[in-house]
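Asks: Numbering (our numbering), first residue to last: -3 to 156.
Quick reminder that beta carbons are idealized off the backbone N, C-alpha and C, glycines included.
Owing to the predicted nature of the structure, the values given are computational and were not obtained by experimental measurement.
1) How should residue 36 be labelled, buried or exposed, when 16 other C-beta atoms within 10 angstroms of its C-beta is the threshold for buried?
2) Can at least three beta-carbon pairs, one atom from the region 110 to 128 and one from the region 73 to 81, be found at a separation below 8 angstroms?
3) Checking 8 angstroms against the spacing of the C-beta atoms, do residue 48 and residue 72 come in under that value?
4) Where residue 86 and residue 20 are concerned, what is the direct C-alpha to C-alpha distance, given to the nearest angstrom?
5) Using the C-alpha atoms, what's the distance from residue 1 back to residue 11?
6) Quick check: residue 150 and residue 129, are their CB atoms within less than 8 angstroms of each other?
7) Taking residue 23 as part of the alpha helix (DSSP H), name the residues at either end of that continuous run.
8) When you compare the CB positions of residue 107 and residue 60, do they come within less than 8 angstroms of one another, or not?
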């Protein structure tokens, strides 16, 4: 469109560019602030400690944001890595799928921060995790309410 108007020798007043500069200024400011916030939130999670603790053992993801897998170089226990894949594929039976995975005793489980207390995970799954796993790392990166980077890491303590 711009090229056609220039080819037709259309002359623009300087006021014609005001909406463009306003949108560009807002967009740049908004994205820069979001990048600073994301960097601050990421700095609160000790991905190196998580990686050191887990090593090459596999981790079951129960509705946690997948960033922890990439930044800690974790190996997923289940083929579904993203937090909502199991919900999309299994619908109401997502809890049963998590229970099947838990009965195969993954060495580690990662969930979003306080997922059980905030009712993000089915009660049988929470009970299983609380019975067979020990909380070894937990971080809430935003005080007002946990965001997607807030997580809890559990380690298997009872096998059998």
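Replies: In terms of the structure at hand:
1) With fewer than 16 other Cβ atoms within 10 Å, it is exposed.
2) Verdict: no, contact absent.
3) In this structure, residue 48 lies away from residue 72, with their beta-carbon atoms at least 8 angstroms apart.
4) Each residue's alpha carbon lies about 42 angstroms from the other.
5) So the two alpha carbons sit approximately 16 angstroms from each other.
6) Taking 8 angstroms as the Cβ cut-off, residue 150 and residue 129 qualify as a contacting pair.
7) The continuous alpha helix (DSSP H) containing residue 23 extends over residues 14 to 39.
8) Going by C-beta atoms, residue 107 is nearer than 8 angstroms to residue 60.
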